[in-house]
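Quick mapping for you: the protein sequence lines, in order, are chains A and B. Using the numbering used here, the letters of the first sequence map in sequence onto residues 19 to 473. Using the numbering used here, the letters of the second sequence map in sequence onto residues -7 to 170. All C-beta atoms, glycine included, are put in the ideal place defined by N, C-alpha and C.
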Amino acid sequence: MKRFDKEIKNKIDSFESPVASDLWSKIETRRAVNELEKGIMKKSSKVLTIILIATLLISGGIWSYYQIDLENVTSDEIKEIQNKIEEKAEIQSKVNPTASIEKLQEIKIEENTKDNAFYENPKKQIISNNIAKNLNAENNSLDISRKTYKNTAQNRNGSIGDIYNKLTLGFSSNHARTIENSSLQTVVQTATPIVVKDNITFQNFSGILPTWPHFYNPSKKLKLNRSEIVCGKAPKNYPFTYYVDFGFSPERTVKYLTVKDSYFEGYAEQRNATEGFHFAYALNTRLSMVHYTGLTFKIGFQFQQTNDFFEYIDLNYTEEAEDGEIITGPYQIAKYNRYKSFDIPLMVGYEIDINNFTFALNTGIHMNLFYDKSGYILTPDESWSTIQNDNVVYKNWIGTSWVANIGAYFHLNNRTQLMMEPHFKYSLSSMTVKDYPIEQRNFSTGMRLGLRFRM
Amino acid sequence: MSEKELIDGCLQGDKAYELALYQRYAGKMMTVCRLYARHKEEAEDLLQDSFIKVFLNLPKFQNNGSLEGWIRRIVVNTALKHVKKSSFKKEEIGVAEYLDPGIAETIISKLSADEIIEIISKLPTGYKIVFNLYAMEGYSHKEIGEILDIKESTSRSQLVKARKLLKSQIDKTQSCFL
Chain A
19 MKRFDKEIKN KIDSFESPVA SDLWSKIETR RAVNELEKGI MKKSSKVLTI ILIATLLISG
79 GIWSYYQIDL ENVTSDEIKE IQNKIEEKAE IQSKVNPTAS IEKLQEIKIE ENTKDNAFYE
139 NPKKQIISNN IAKNLNAENN SLDISRKTYK NTAQNRNGSI GDIYNKLTLG FSSNHARTIE
199 NSSLQTVVQT ATPIVVKDNI TFQNFSGILP TWPHFYNPSK KLKLNRSEIV CGKAPKNYPF
259 TYYVDFGFSP ERTVKYLTVK DSYFEGYAEQ RNATEGFHFA YALNTRLSMV HYTGLTFKIG
319 FQFQQTNDFF EYIDLNYTEE AEDGEIITGP YQIAKYNRYK SFDIPLMVGY EIDINNFTFA
379 LNTGIHMNLF YDKSGYILTP DESWSTIQND NVVYKNWIGT SWVANIGAYF HLNNRTQLMM
439 EPHFKYSLSS MTVKDYPIEQ RNFSTGMRLG LRFRM
Chain B
-7 MSEKELIDGC LQGDKAYELA LYQRYAGKMM TVCRLYARHK EEAEDLLQDS FIKVFLNLPK
53 FQNNGSLEGW IRRIVVNTAL KHVKKSSFKK EEIGVAEYLD PGIAETIISK LSADEIIEII
113 SKLPTGYKIV FNLYAMEGYS HKEIGEILDI KESTSRSQLV KARKLLKSQI DKTQSCFL
C-alpha cells in the first residue's frame, strides 16, 4: 500500500460521520415491517402446505380406490362375477332384437331385482359395472350395446370389463368364423348377438388378459392370442396408464424487452444490438398419467440452457499491462452468456390413438426452481457488467412460464414410443428484477425428440 | 458495556442493547457507507439496510473476530451490491474529469476527514470501489478481481486512475482554500 493510501486510511478510518437522528426509528420500523411480512409468508406457506397435502391425500385416495378394488381380485371373486355374467347372459338370451319395449322393460326389472343384492358390495359393484357397461345390462338395446363395445374398444387402459370384452370376443371368434379377419367394428356388430345367444361360459377361463394398447384401436384388426393370458394377474394401472419419457430439444429463443421508462429506450436498443440469442437446448423427463378417456396429466423436470452472444466495443477501456503501463483504447468484449433454467413442468392434455400413432395436445406451466446465469451485459451508462446470481439484473427465480405442445408418438412396440413434440415456452412474468429498468420475457420454441415408455 | 454483553443483550431481543450497539457503531459505519455512496441520502439508506442485516444475522455471529470487523464486512458487502444495482438505475452519476496530478501527499493532512470522504465519494463508481476495497479494506487486487468479477490488471489500472483523480481533486479542493 502506498503512503498516499495509508494517509487517507489513517485520516478517515476512525472518523465517525454524523448520522441522521431519525435513522434508528427508520431501522426499527423496517425491522417491524419485515417481521410482519415474514409472519404473513409463514402463514401463507402453511396454507399452501395444507392445500398441497390435502390434494395429495385426495388424489391418493382416488387412486387407491381404483387400485385396491381391482388389484386384489381373487379367483373366487372372478368365479362369482363369471356366474353373474352367465346369469346376465341367460337373461339377455331372452332378448329378441325384435322384442317389444314392454318385453324389454320386463327383462330389465327382472335383472335389476337380481342385481340389487349383488351390488351391495362396492368392490363387486365396480367390477360388475364395468362388465355391465360392456354387456349393456343397463340398456337392453343392441344399438347401444354396439356403441358400448366401440367405446370399450377405444379404452386403452384395460378394465375388467374390457378384459371380459376381449375374452368374449375371443371366445366368440372361436365359435363363429364370421368374425375372423374382420375389423373390430364389424366384429362388434357380429359378436354381440353371438355372445348373447351362445350363452358363453367361462369354465376354461383361469385368468385375466394383459392390456395391449393396439388391441383397442378400432381401426386395427382383432388380435387375440390365448397365450397372452396372464393367470391371476389383474391390470394394475386402472383407470390410468403411466408413461415416462426422456427428451432432448434443440430450441430457438427470442427475447422481448419492455422499458419501464422511455429514458431507457436507447439502452434497450443497445442491449438488442449487443446481444444475440444463439443455440438453446432442453433436456427433460416427465411422468405422464393418461386416463382412459384420453385426458393426460404430466409432471417432471426440465433443464434448459440458452446461449447468448454478447459483443461490445468499449471505447474507453483501460488496463494496466504487466510492466505497469496503462493501456487505453477500444476493447472488444465477445463472450457467450449462459442462462440455465431448472423447471418443473405441470401439464394437462388430451391424447388420441390413430393407427400406430398417439397424438396429443398438451398445455400447462413450467414452474421455475432456479435460474442460473453467467456472462456480461451492457449497463445504461454504456459500460458493461457481469451477470451473476445476485439479483441485480435477472431474478434467481423467474416464476412460471406458459408451455404448450403438440405430441406425436409413434408406437415402436407395445411399450416404447418414439416422441416428437413441437413446443413453445413463454415467460409469464418478467425475468428481470424490480429495480432493473427493462422487463424481459423470453419465447422459446423447439422440437422435442425422445422416447416414451409405458410403465 | 463489553462487546459480549452487547451481543447477548441483542440476542435476547432487548431494545436498549440494540440501540446501544447501533449507537456504538453507526458513526464509523456511516463513514464506510459514505465512501461507497454518491450522496448522503444514499449513504443513510446503505446504513439502514446494513443494520437490518446486522440484527437479522447477529445469531450467526461467531466470536472469531471483532464485532466491528464483522459489521464492517456486512456494510461493505451491502454497499457493493447496492453500487452494482445502481449502475442500472436512472440516477446520474457525476462525471469526473481527468485533472493533472501533481500534489504533495502531505496536503492530505491539511484536509479534514469529512472533506476527504466527500472527495472519495465523488469519484467515478469503478475507481471509488477499487480504491476503497484496496486502500480502506485491505483487499489485494486478486481478491478485488474475484469480488467484482474483473481482471486483476483492471483492478490495478482502476486503482492507479483513482489515485490520480483523487490527488487532483484534493489539489483542487486545497487550492480553493488558498
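| Item | Value |
| --- | --- |
| Could you give the residue range of the alpha helix (DSSP H) that holds B/ASN49? | 32 to 49 |
| Report buried or exposed for B/ILE136, applying the criterion of at least 16 other Cβ atoms within 10 angstroms of its Cβ. | buried |
| Can you give me the C-alpha to C-alpha distance between A/THR463 and B/ARG65, rounded to a whole angstrom? | 45 Å |
| Using beta-carbon positions only, say whether A/LYS8 and A/HIS384 come within less than 8 Å of one another. | Given a span of 19 to 473 for chain A in the structure shown, any question on residue 8 of chain A remains unanswerable. |
| If you draw a straight line from the alpha carbon of B/GLU84 to that of A/PHE264, how long is it in whole angstroms? | Residue placement at B/GLU84 cannot be trusted, given a pLDDT of 41 that sits under 50; what the coordinates show is reported in the next sentence. Going by the C-alpha atoms only, they are around 51 Å apart. |
| Beta-carbon of A/LEU41 versus every beta-carbon of chain B: anything under 8 Å? | yes |
| On the DSSP letters alone, give me the boundaries of the alpha helix (DSSP H) that A/GLU283 sits inside. | 283 to 292 |
| Roughly how many angstroms lie between the CA atoms of A/ILE69 and A/PRO363, to the nearest whole one? | 19 Å |
| Spatial neighbours of B/ALA35 within its chain, please: CB distance less than 7 Å, with the 5 preceding and 5 following residues excluded, ordered by chain position. | MET22, CYS25, ARG26, ALA29 |
| Is there a Cβ of chain C sitting closer than 8 Å to that of B/MET(-7), yes or no? | Although the question refers to chain C, the structure presented lacks it and instead comprises the protein chains A and B. |
| Quick check: does the Cβ of B/ILE111 come within less than 7 Å of any heavy atom belonging to the ligand ZN? | The ligand ZN is not part of the structure shown, which contains no ligands of any sort. |
| Determine the DSSP secondary structure at B/LYS76, reduced to helix, strand or coil. | helix |
| Pick helix, strand or coil for A/LYS29, following the three-state DSSP scheme. | helix |
| If B/ILE109 sits next to A/SER35, beta carbons under 8 Å apart, how far is it from one beta carbon to the other, in whole angstroms? | 7 Å |
| With 9 Å as the limit, tell me which residues of the stretch 47 to 77 of chain B have their beta carbon closer than that to any beta carbon of chain A; keep them in chain order. | PHE47, LEU48, LYS73, LYS76, LYS77 |
| Put B/TYR28 into one of helix, strand or coil per three-state DSSP. | helix |
| Three or more beta-carbon pairs under 8 Å between the stretch 287 to 303 of chain A and the stretch -6 to 10 of chain B, yes or no? | no |
| Taking the DSSP output, what are the residues bridged to A/ARG472? | A/TYR261 |
| Less than 8 Å separating the beta-carbons of A/ILE405 and A/TYR394? | yes |
| Which value, in whole angstroms, describes the spacing of the CA atoms of A/GLU105 and A/ASP94? | 16 Å |
| In terms of DSSP beta bridges, what is A/ALA298 paired with? | A/GLU269, A/THR324 |
| Using a cut-off of 9 Å between C-beta atoms, extract the partners of B/GLY19 located in chain A. | PHE33, GLU34, SER35, PRO36, VAL37 |
| Kindly give me the distance between the Cβ atoms of A/GLN458 and A/MET449, rounded to whole angstroms, as I take these residues to be in contact under 8 Å. | 5 Å |
| Could you tell me which residues DSSP puts in a beta bridge with A/PRO440? | A/MET465 |
| Using 10 angstroms around the beta-carbon of A/GLY188, count the other beta-carbons present and answer buried if the total reaches 16, otherwise exposed. | Annotation note: pLDDT 30 at A/GLY188 (below 50); position unreliable, no value reported. |
| Among A/LYS27, A/LEU333, A/ASN380, A/PRO455, which has the Cα closest to the Cα of A/TYR281? | A/PRO455 |
| Per DSSP, A/ILE58 forms a beta bridge with which residues? | According to DSSP, which records beta bridges pairwise, A/ILE58 is partnered with nothing at all. |
| Helix, strand or coil: how does DSSP classify A/ILE416 here? | coil |
| What is the residue span of the beta strand (DSSP E) that A/GLY382 lies within? | 375 to 396 |
| Alpha carbon to alpha carbon, how far is B/GLU(-3) from A/LEU66? | 41 Å |
| Determine the contact status of A/VAL366 and A/PHE315, defining contact as a CB-CB distance below 8 Å. | yes |
| Residues in the same chain with beta-carbon distance under 8 Å from A/LEU275, minus the five sequence neighbours each way, listed in chain order, please. | ALA286, ARG289, ASN290, ILE456, GLU457, GLN458 |
| Would you check if the distance between the CB atom of B/TYR119 and the CB atom of B/GLN150 is smaller than 8 Å? | yes |
| With 7 Å as the limit, tell me which residues of the stretch 412 to 429 of chain A have their beta carbon closer than that to any beta carbon of chain B; keep them in chain order. | none |
| By the three-class DSSP mapping on this structure, what secondary structure does A/ALA38 have? | coil |
| Any idea if B/LYS20 is buried or exposed, counting beta-carbon neighbours within 10 angstroms, 16 or more meaning buried? | buried |
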